[in-house]
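Read in our numbering, the sequence shown has 82 at position 81, and its numbers run on one by one without any break.
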Amino acid sequence: MNPVSLISGLRASIGVGAYVAPNLTGRAFGLDPEGNPQASFLARLFAIRDLALAVGTLGSEGDARRRWLQLGLACDLGDAAAAYLARRDGSLPTPAAVMSGGTALAAVAVGVAALARPS
């Protein structure tokens, strides 16, 4: 599978999951949605961002697609940094930080591969 399709498919899958079943998706990432009832709201905000990035990437070509991939890469780097900071300040348990941060870093790797691919 080419990296553009892979990153878009992953974004769409996580986005749909987080929007439709935010508590289940949160638990899969090691979070405690029952302990924080606002978590489902935040998950849905995150979900829409990922869905928009997937649709924007797949629905564009050339320089526009490259821009969508760059925006996704920026979001993924921000997500990895947020996981690190949340672990450092104690607001996120280590397993959740590793799962969230690791997923974000994997997305960075796929995003870089997609950007390196000729348009």
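Quick reminder that beta carbons are idealized off the backbone N, C-alpha and C, glycines included.
Local conformation of residue i per DSSP, three classes
i	result
glutamine 39	coil
alanine 22	coil
proline 94	coil
methionine 100	helix
proline 4	helix
leucine 11	helix
arginine 118	coil
leucine 106	helix
glycine 112	helix
glycine 27	helix
Beta-carbon gap between residue i and residue j smaller than 9 Å
i	j	result
leucine 70	leucine 32	no
alanine 87	alanine 105	no
glycine 112	proline 4	yes
alanine 82	phenylalanine 30	no
Minimum C-alpha distance to residue i - residue among the options
i	options	result
serine 9	Arg118, Ala108 and Pro119	Ala108
glycine 63	Met2, Arg118 and Asn3	Arg118
valine 56	Val113, Leu7, Ala110 and Ala114	Leu7
methionine 100	Ser61, Asp80, Ala65 and Met2	Asp80
aspartate 77	Pro96, Ala110, Ala98 and Arg68	Ala110
Requested in this report: Would you check if the region 88-105 and the region 52-71 touch, i.e. whether three or more CB-CB distances between them fall below 8 Å?
Outcome: no
Requested in this report: Determine, using beta-carbon pairs with one atom in the region 9-23 and one in the region 40-49, whether at least three such pairs fall under 8 Å.
Outcome: Yes: at least three Cβ pairs fall under 8 Å.
Report task. Tell me, please, whether the region 32-42 touches the region 71-81 by the rule of three or more beta-carbon pairs shorter than 8 Å. Result -> no
Query raised in the report: Which runs of the alpha helix (DSSP H), 4 residues or longer, sit entirely within the region 45-85?
Result: Listed in chain order, nothing qualifies, since the region 45-85 has no complete alpha helix (DSSP H) run of 4 or more residues.
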